[in-house]
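First comes the structure, then the notes that go with it.
Numbering (the working numbering), first residue to last: 1 to 725.
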């Protein structure tokens, strides 16, 4: 069954379930939260009924053009997810968290189905919607956990006040302040994600309103507690000059006093960089005030952005202290200094799964030429676009980036890039190249096959290294009597299983006959060796057909019903694919070659480069895959409804040259990771995708034009910590 037909079957199944449950779905209501406390986070502020019904405005799947209308099913699934979000948000506002369990149940199931249907479309908005719904789920869970913790801590505070335990009450109040700030941060992230969901067509505005009301109530509660329980303070701050750098540290001095001007001795103060509105980083350096309340802080910026940077000095009272925290802000110009990275030890060869440990030393030279060790600098290793490992320098300036070699790195002599590649930071980019030999690792396929029904072969097995390590997410080609049956794909455990259709061409003319079922793993372009296993299956000649239990009028009626069903299905598929009189008919398999690309290549490349320039590396990566697929559509015989890996398999079958085929494979792998696995693309990943697009398109891409855009500013991978230091 083709991928598109599978999607239609899934859609019909979902619609059938919706029809069975239509008395519930049509009304768009949920049961009351039950016996949950009907007050908002604290008693007297804002009472909301726990019994509000939830109605999400979305397209009813019954209203789709045809039962197989995938867009209608996606709208239905989006509505179901929106309903869970609204129910959870409203429940959190009144202290009932049970409806949020749906985020781990029905919401997760709907999201999985929505993502599966999105794989069958070529609309980039579907990919973005999947990411929006995934983020909304994750942030809803985090927000609910934060508010639940707040309510529990608030009860601890009330109990301590009732028992006259002031110290315990103050400790609880300080935790409430921390949770309040976390609720403000996570609530802001959640409302932004909900805005994206609403713009995608699912109205979750009631959830946004509930989150905003809950966050405001949490803030008011903490402010009221602090007025009753603590003494206000004031923190002053000033800098020693207009500029600072790693070699010329930032020095901040000031004084901490109570609201009445009394000095606060032995108070803890810390320096933090302000990253954005109401957002600060971790504390970079701490000290305590002297007997007169004065302090002095010194800080060497490392990964802090260059230019004018705001810092905040914050008072951190002890848990039982009677004082409130307070802030003093300063601003300075951070200047960049060059650094030197030295590789102290590195391996000379490696293979799949081996640990790559590289020991490095990072220093910077002051005006006298003395080398100063650079501490707290993130250092990463990569081979091409593939990030291997990461580490951070210690006080002695050394770091040991540690990681394992992935399968995607080619065998042979390779360059291992070691260093810090972020640009416009207090420490300039610094890297070293280590020559390393990547060796091939042998692989093996262990598989069995059976025929549960006539015309179908069930094959299952594992793909591993020769020493038994599972190989995850690798393509395996299946053939029967030399005829391709398509690509299988191993899961996280290296296992694979599939039901394969037996082509009529390989069946014996009469009786039974044995045929070879081949399973081939092609390690080309990786550091894994190719392997093949051949199973023997016994096939029977096709029957003339079973005797039917009816004839005459009953047979005619059955054929009429069948014809009606087939005709209806054809109409649904035609509507789904948007076929019209002006669109050329699909190409027959293997009929590729010579046709013009079906995409405006210069415009598509301009879009990819613009996305990279704006920092939208996800869009650059997914747009690169789509550009190549549309450009190759006129050159290979892939069906319009082929899955990503079916399309890659057709490229291989139809003779796309090895270099371009490897580029298509890499583009496909990145597309799946970013569009459906929730990974964020880094600059180096997007740059590698652009390079692969240009490799595939060749002259259509305009040669090497624009290649400088791929490397400008270095290549910092998504997982590298470059937050300000």
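Glycine included, each C-beta is placed from N, C-alpha and C at the ideal position.
Check: Which value, in whole angstroms, describes the spacing of the CA atoms of residue 327 and residue 601?; Outcome: 54 Å
Check: Please identify the residue among 221, 315, 296, 644 whose C-alpha is closest to the C-alpha of residue 252.; Outcome: 296
Check: Report the residue from 653, 117, 324 whose alpha carbon sits nearest the alpha carbon of residue 71.; Outcome: 117
Check: Please look up how many angstroms separate the CB atoms of residue 264 and residue 312, rounded, as I've assumed it's under 8 Å.; Outcome: With a Cβ gap of about 18 Å, residue 264 and residue 312 do not count as contacting.
Check: On the three-state DSSP scale, how would you describe residue 254?; Outcome: strand
Check: Taking the alpha helix (DSSP H) that residue 177 belongs to, which residues open and close that run?; Outcome: 166–199
Check: Out of curiosity, what's the CA-to-CA distance linking residue 793 and residue 159?; Outcome: Any property of residue 793 remains undetermined from this structure, which presents the chain solely from 1 to 725.
Check: How many Å lie between residue 271 and residue 378 at the Cα?; Outcome: 20 Å
Check: Taking 7 Å as the limit between beta carbons, can you name the residues of its chain near residue 485, skipping five residues before and five after?; Outcome: 478, 479, 500
Check: Taking 7 Å as the threshold (C-beta atoms), are residue 416 and residue 400 in contact?; Outcome: no
Check: Helix, strand or coil for residue 649? Go by DSSP, reduced to three states.; Outcome: helix
Check: On the DSSP bridge list, what partners appear for residue 143?; Outcome: In DSSP, residue 143 forms no bridge with anything.
Check: Counting pairs of beta carbons, one from the stretch 401–411 and one from the stretch 526–539, are three or more of them closer than 8 Å?; Outcome: yes
Check: Spatial neighbours of residue 362 within its chain, please: CB distance less than 6 Å, with the 5 preceding and 5 following residues excluded, ordered by chain position.; Outcome: 339, 341, 374, 377, 393, 397
Check: Unbroken beta strand (DSSP E) runs of length 3 or more, entirely within the stretch 430–489: which are they?; Outcome: 430–438, 443–450, 456–465, 475–480, 483–489
Check: Take the Cβ of residue 698 as the centre, count every other Cβ of all protein chains shown within 10 Å, and call the residue buried at 16 or more, exposed below.; Outcome: exposed
Check: Check whether the stretch 434–452 and the stretch 634–647 are in contact - that is, three or more C-beta pairs closer than 8 Å.; Outcome: no
Check: Going straight from the alpha carbon of residue 360 to that of residue 343, what length do you get?; Outcome: 4 Å
Check: Tell whether a beta-carbon distance below 7 Å holds between residue 532 and residue 439.; Outcome: no
Check: Which word fits residue 727, buried or exposed, when buried means at least 16 other C-beta atoms lie within 10 angstroms of its C-beta?; Outcome: Beyond the ends of the chain as shown, which are 1 and 725, falls residue 727; an answer cannot be given.
Check: Threshold first: 3 residues or longer. Then list the beta strand (DSSP E) segments lying entirely within the stretch 289–376, N to C.; Outcome: 294–299, 307–316, 327–334, 340–345, 355–357, 359–365, 371–373
Check: Quick check: what's the CA-CA separation for residue 542 versus residue 456?; Outcome: 12 Å
Check: Nearest by alpha-carbon distance to residue 637: which of 430, 649, 627, 626 is it?; Outcome: 649
Check: State buried or exposed for residue 321, treating a residue as buried only when at least 16 other CB atoms are found within 10 Å of its CB.; Outcome: buried
Check: Mind checking residue 310: buried by the 16 CB within 10 Å criterion, or exposed?; Outcome: exposed
Check: Smallest Cα separation from residue 231: which of 256, 218, 240, 213?; Outcome: 256
Check: Which residue from 81, 536, 441, 152 puts its Cα closest to that of residue 354?; Outcome: 441
Check: Mind checking who residue 148 pairs with in its DSSP beta bridge?; Outcome: DSSP lists no partner for residue 148.
Check: Which residue or residues does DSSP assign as beta-bridge partners of residue 540?; Outcome: 512
Check: Whose C-alpha, out of 691, 490, 624, 83, is nearest the C-alpha of residue 207?; Outcome: 83
Check: From the DSSP output, which residues share a beta bridge with residue 381?; Outcome: 389, 418
Check: I need the DSSP call for residue 74, collapsed to helix, strand or coil.; Outcome: helix
Check: Just checking my contact of residue 488 with residue 498 at CB under 8 Å: how many whole Å lie between their CB atoms?; Outcome: 5 Å
Check: Check this for me: beta carbons of residue 80 and residue 110, under 7 Å apart or not?; Outcome: yes
Check: Looking only at C-alpha atoms, which of 94, 459, 238, 88 sits nearest to residue 100?; Outcome: 88
Check: Tell me, which residues are paired with residue 534 by DSSP?; Outcome: 518
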